[in-house]
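Below you'll find the structure, written out as structure tokens, and then a few comments.
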Amino acid sequence: MITSLLIANRGEIACRIIRTARKLGVRTVAVYSDADAKALHVRMADEAVHIGPSPARESYLVGERIITAAKQTGAEAIHPGYGFLSENADFAQAVLDAGLIWVGPKPDSIRAMGLKDAAKKLMAEAGVPVTP
């Protein structure tokens, strides 16, 4: 069981993840940019780490900062929420390579779903109806 979770996102999705984690007795770590320093998800989390300036490309999209924040706070796992890094297979793999738990699809699955033809083939093989 995970005891500490870093949420690599902001806003409502981060708040929802924090609420659920709290119900499960899991300690939460929020990350935030300059613009989000006083945001609700930052106040709700057990701990919060500043990851950079306001533009997402300089904060929420910088995977190394997210992983460093997880390690600094003792978080065992990273939940990407949606958007930002949630569909980035390289980031998912970097999380695993760092010895952390990735709360999301396996990197290979993320890659496959990002390629329309591969995703369609994978779904057909799994018995999911697909359009011709």
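Residue numbering for the sequence shown follows our numbering, beginning at 2 and increasing consecutively.
A virtual CB, placed ideally from N, CA and C, is assigned to each residue, including glycine.
Since we're looking at a predicted model, the values are computed, not measured.
Residue burial classification, residue i (beta-carbon count within 10 angstroms, cutoff 16)
i	result
D91	exposed
P81	buried
V30	buried
A119	exposed
T21	exposed
Test item: CB-CB of residue i and residue j under 8 Å
i	j	result
H42	A15	yes
F85	A57	yes
S5	A76	yes
A46	I19	yes
Spatial neighbours of residue i in its chain, beta-carbon cut-off 7 Å, leaving aside the 5 residues before and after
i	result
D37	R11, V43
V96	I68, I79, W103
G53	S34, E59, S60, V63, R66
DSSP state of residue i mapped onto helix, strand, coil
i	result
T132	coil
L6	strand
V96	helix
R28	strand
V36	Per the sequence shown, the amino acid found at residue 36 is Ala instead of Val. Here A36 sits in helix by DSSP.
A127	coil
E77	coil
Cβ neighbours of residue i in the same chain (closer than 6 Å, five flanking residues each side left out)
i	result
Y61	F85
S55	S34, D35, A36
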